[in-house]
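Residue numbers (my numbering), protein chains in the order written: chain A, 1 to 346; chain B, 347 to 692.
Each remark here refers to the structure printed beneath this line.
Number of protein chains: 2
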Amino acid sequence: MDNVALTQKRDGVVIIDQTLLPTEERTITLATKEEMHEAIYHLRVRGAPAIGIFAAFSLYVLADQTVTDDIDVFLSILKKHADYLNTSRPTAVNLSWALSRMISLVETSKHRSVEEVKQLLYKESVEIRNEDIAMCKAISEHGLSLIKDGDSILTHCNAGPLATSKYGTALGPLLLGAERGMSLKVFADETRPLLQGARLTSYELYKAGVDVTLICDNMAAVVMKNGWINACFVGCDRIAANGDTANKIGTSTVAILAKYYGIPLYVLGPTSTIDLNCKTGDDIEIELRDQQEIKSKFFEKPTAPEGVKCYNPAFDVTDHALITGIVTEKGISRYPYTESLAALFE
Amino acid sequence: MDNVALTQKRDGVVIIDQTLLPTEERTITLATKEEMHEAIYHLRVRGAPAIGIFAAFSLYVLADQTVTDDIDVFLSILKKHADYLNTSRPTAVNLSWALSRMISLVETSKHRSVEEVKQLLYKESVEIRNEDIAMCKAISEHGLSLIKDGDSILTHCNAGPLATSKYGTALGPLLLGAERGMSLKVFADETRPLLQGARLTSYELYKAGVDVTLICDNMAAVVMKNGWINACFVGCDRIAANGDTANKIGTSTVAILAKYYGIPLYVLGPTSTIDLNCKTGDDIEIELRDQQEIKSKFFEKPTAPEGVKCYNPAFDVTDHALITGIVTEKGISRYPYTESLAALFE
Numbered sequence: 001m002d003n004v005a006l007t008q009k010r011d012g013v014v015i016i017d018q019t020l021l022p023t024e025e026r027t028i029t030l031a032t033k034e035e036m037h038e039a040i041y042h043l044r045v046r047g048a049p050a051i052g053i054f055a056a057f058s059l060y061v062l063a064d065q066t067v068t069d070d071i072d073v074f075l076s077i078l079k080k081h082a083d084y085l086n087t088s089r090p091t092a093v094n095l096s097w098a099l100s101r102m103i104s105l106v107e108t109s110k111h112r113s114v115e116e117v118k119q120l121l122y123k124e125s126v127e128i129r130n131e132d133i134a135m136c137k138a139i140s141e142h143g144l145s146l147i148k149d150g151d152s153i154l155t156h157c158n159a160g161p162l163a164t165s166k167y168g169t170a171l172g173p174l175l176l177g178a179e180r181g182m183s184l185k186v187f188a189d190e191t192r193p194l195l196q197g198a199r200l201t202s203y204e205l206y207k208a209g210v211d212v213t214l215i216c217d218n219m220a221a222v223v224m225k226n227g228w229i230n231a232c233f234v235g236c237d238r239i240a241a242n243g244d245t246a247n248k249i250g251t252s253t254v255a256i257l258a259k260y261y262g263i264p265l266y267v268l269g270p271t272s273t274i275d276l277n278c279k280t281g282d283d284i285e286i287e288l289r290d291q292q293e294i295k296s297k298f299f300e301k302p303t304a305p306e307g308v309k310c311y312n313p314a315f316d317v318t319d320h321a322l323i324t325g326i327v328t329e330k331g332i333s334r335y336p337y338t339e340s341l342a343a344l345f346e
Numbered sequence: 347m348d349n350v351a352l353t354q355k356r357d358g359v360v361i362i363d364q365t366l367l368p369t370e371e372r373t374i375t376l377a378t379k380e381e382m383h384e385a386i387y388h389l390r391v392r393g394a395p396a397i398g399i400f401a402a403f404s405l406y407v408l409a410d411q412t413v414t415d416d417i418d419v420f421l422s423i424l425k426k427h428a429d430y431l432n433t434s435r436p437t438a439v440n441l442s443w444a445l446s447r448m449i450s451l452v453e454t455s456k457h458r459s460v461e462e463v464k465q466l467l468y469k470e471s472v473e474i475r476n477e478d479i480a481m482c483k484a485i486s487e488h489g490l491s492l493i494k495d496g497d498s499i500l501t502h503c504n505a506g507p508l509a510t511s512k513y514g515t516a517l518g519p520l521l522l523g524a525e526r527g528m529s530l531k532v533f534a535d536e537t538r539p540l541l542q543g544a545r546l547t548s549y550e551l552y553k554a555g556v557d558v559t560l561i562c563d564n565m566a567a568v569v570m571k572n573g574w575i576n577a578c579f580v581g582c583d584r585i586a587a588n589g590d591t592a593n594k595i596g597t598s599t600v601a602i603l604a605k606y607y608g609i610p611l612y613v614l615g616p617t618s619t620i621d622l623n624c625k626t627g628d629d630i631e632i633e634l635r636d637q638q639e640i641k642s643k644f645f646e647k648p649t650a651p652e653g654v655k656c657y658n659p660a661f662d663v664t665d666h667a668l669i670t671g672i673v674t675e676k677g678i679s680r681y682p683y684t685e686s687l688a689a690l691f692e
């Protein structure tokens, strides 16, 4: 099934609850804005592109529930819903990107009836999903051009089908390569504190028959030093105009290690992840999450005394100088990124 | 109480079972060689210096249990016990160092009676413990000379009192500084997969009233980038003649990050950790541990599908070029280490 979909009656959004993987594959249906917000905040749905698709479907469902014939009232209500959903996670740009795109559609359709606009919103949300499938496929093709049969790739967090629509971004070339009979080996960082690498990446690759080895985040340096890694592929939540890239906490460590060991590091994501309004990574807001995610979540017992403070940033920013290339559906952009990324939008 | 001690009747070794911390403080008594081996392998006692003290006490207890009047038979039995205990963990040099020291004593005392030698072995094991206390104090003083009031230190794994006798090595300067009223801040890496940083370091520092913040291993780059870290202090399990240092997995990552961000990194440990027989880090055997430590230990549910492979090295080697200084009880050694470390033994 699809990772993010509308119900058959289009009255809710259906997702695989990713917090329960890999031990349980359960789908849940979300029909209220509070449920939708909670699902994003608690990472039941996650991955920048998947959050974008989810936000679009969610806003359509909320629009369909809105009872008014007045297009201005309709727009005003939808804007409130969008603003509310947008507070669920601050770092991934795809959330605000998808919500803005849906709101813009209403703004440019104010000469139409509310019912007509609801239909347009439905089509737009499906279009956002379909575009993502096409983008992931294109990203996968471009990414695959960077590696060869027998290569071994290190990845961090999860940027596979669960994080997108199909194929994924960072995992896309690996799944596409496997489909074509290539023999690829993947090392997956477990990605503390929420273990997306263990729970989702190793799960997706293992299910797809890809040779995957799980390591703790602090073991990446060793597999690099052992000469086992040909390239690092990571996803992205927001890319600034200069190429600085916000992605899951730990990505910048992988990038610094890769630089030290002379291994190329590629960031893979759709152009919708590029935010030219952010000049550099300093402009990207980094989400700080609950300290208990470090100390007690997943664990049978607390791992540190109750009073011990934790610092729990959800993302970090990787300096553009550490990035060998940024792979989007339009191709591979390289340094200087200020020029190469701007060119993607011309 | 002491972290590693003999029972009052000297018929067993008493340790705090470190696998139960921080939720439970329980002491256990070990009287057979199988129990002693298991305690080291399963990290009930851990930390290179503490393992050395534990091995010395253990060999004394086993010697005392040995019923023979023939000194050659006695030596032969003790050698077998020592060889057996020595297989419990391959990387920390202090284990073989302490066992060799005890065996050498028997070899040079063959003109004495077995009962006399048993008494000598008792004194030697207590001496190894007492020397460690003095060494940790000296290391702490030297380490403290490298930092000033208000500084913030990042540490990895646990090299505190629990890993030694008193004060510790990497944590020694911080605990000594705190005793003297200095205001120091510590960031502790949780240290996957066995979480010694969370369970032991944050526990020891918190109990001692030191301002400690726990982070996941993959967050060290962010606190460094934020400008929050003045120096990194780490322990060591074996130091090669050229300064290459084996320490808990993840240490080399901290060192590469510190180099990248221009932060000094100091290795702290007694000279007994220096193994001049190892020319470089390539000569140090790295222990590979059970894959389940990554996937299921501590966790309420498995974190990855049953079939997923894991790679679980317990240590890594930090290149000497990444080490600002090696702090022993004799002072601070700096590059070129081949000369400065050799000078410690002249």
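Ideal Cβ positions, reconstructed from N, Cα and C, are used throughout, including at glycine.
Cβ-Cβ separation, residue j to residue i (assumed contact under 8 Å), whole Å
i                     : j                     : result
residue 556 (chain B) : residue 580 (chain B) : Contact flag wrong, Cβ pair sits at about 17 Å.
residue 407 (chain A) : residue 221 (chain A) : This structure does not reach residue 407 (chain A), given that chain A is present from 1 up to 346, and the question cannot be answered.
residue 189 (chain A) : residue 156 (chain A) : 4 Å
residue 625 (chain B) : residue 668 (chain B) : Actually they do not touch by this definition, with Cβ atoms about 18 Å apart.
residue 621 (chain B) : residue 585 (chain B) : 7 Å
residue 420 (chain B) : residue 460 (chain B) : 5 Å
residue 537 (chain B) : residue 596 (chain B) : 6 Å
residue 241 (chain A) : residue 338 (chain A) : 6 Å
Chain A contact for residue i (CB, 9 Å cutoff)
i                     : result
residue 603 (chain B) : yes
residue 691 (chain B) : no
residue 608 (chain B) : no
residue 646 (chain B) : yes
residue 596 (chain B) : yes
residue 641 (chain B) : yes
residue 599 (chain B) : yes
Strand pairing of residue i, partner residues [DSSP]
i                     : result
residue 621 (chain B) : B:586
residue 681 (chain B) : DSSP, once it has assigned bridges, lists no residue as partnering residue 681 (chain B).
residue 577 (chain B) : B:499
residue 672 (chain B) : B:613 and B:679
residue 247 (chain A) : A:316
residue 600 (chain B) : Partner(s): none; residue 600 (chain B) has no beta bridge.
residue 417 (chain B) : Partner(s): none; residue 417 (chain B) has no beta bridge.
residue 474 (chain B) : Paired residue(s): none; residue 474 (chain B) is not in a bridge.
residue 535 (chain B) : B:561
Neighbour-count burial assignment, residue i, 16 or more Cβ in a 10 Å radius
i                     : result
residue 223 (chain A) : buried
residue 196 (chain A) : buried
residue 316 (chain A) : buried
residue 627 (chain B) : buried
residue 520 (chain B) : buried
residue 288 (chain A) : exposed
residue 329 (chain A) : buried
residue 270 (chain A) : buried
residue 247 (chain A) : buried
residue 57 (chain A)  : buried
Residue-level contact to chain B via CB, residue i, 9 Å cutoff
i                     : result
residue 214 (chain A) : yes
residue 135 (chain A) : no
residue 151 (chain A) : no
residue 203 (chain A) : yes
residue 309 (chain A) : yes
residue 338 (chain A) : no
residue 207 (chain A) : yes
residue 3 (chain A)   : no
residue 90 (chain A)  : no
residue 148 (chain A) : no
residue 283 (chain A) : no
residue 304 (chain A) : yes
residue 66 (chain A)  : no
residue 245 (chain A) : no
Near-chain B residues of the region 184-200 of chain A (beta-carbon distance less than 9 Å), N- to C-terminal order: 187, 188, 189, 190, 191, 192, 193, 195, 197, 198 and 199
Within 8 Å of chain B by C-beta, residues of the region 217-233 of chain A in sequence order: 217, 218, 219, 220, 221, 222, 223 and 225
Contact list for the region 16-33 of chain A against chain B, Cβ threshold 8 Å: 22 and 23
Positions along the region 309-333 of chain A whose CB lies within less than 7 Å of some CB in chain B: 309, 310, 311, 313 and 316
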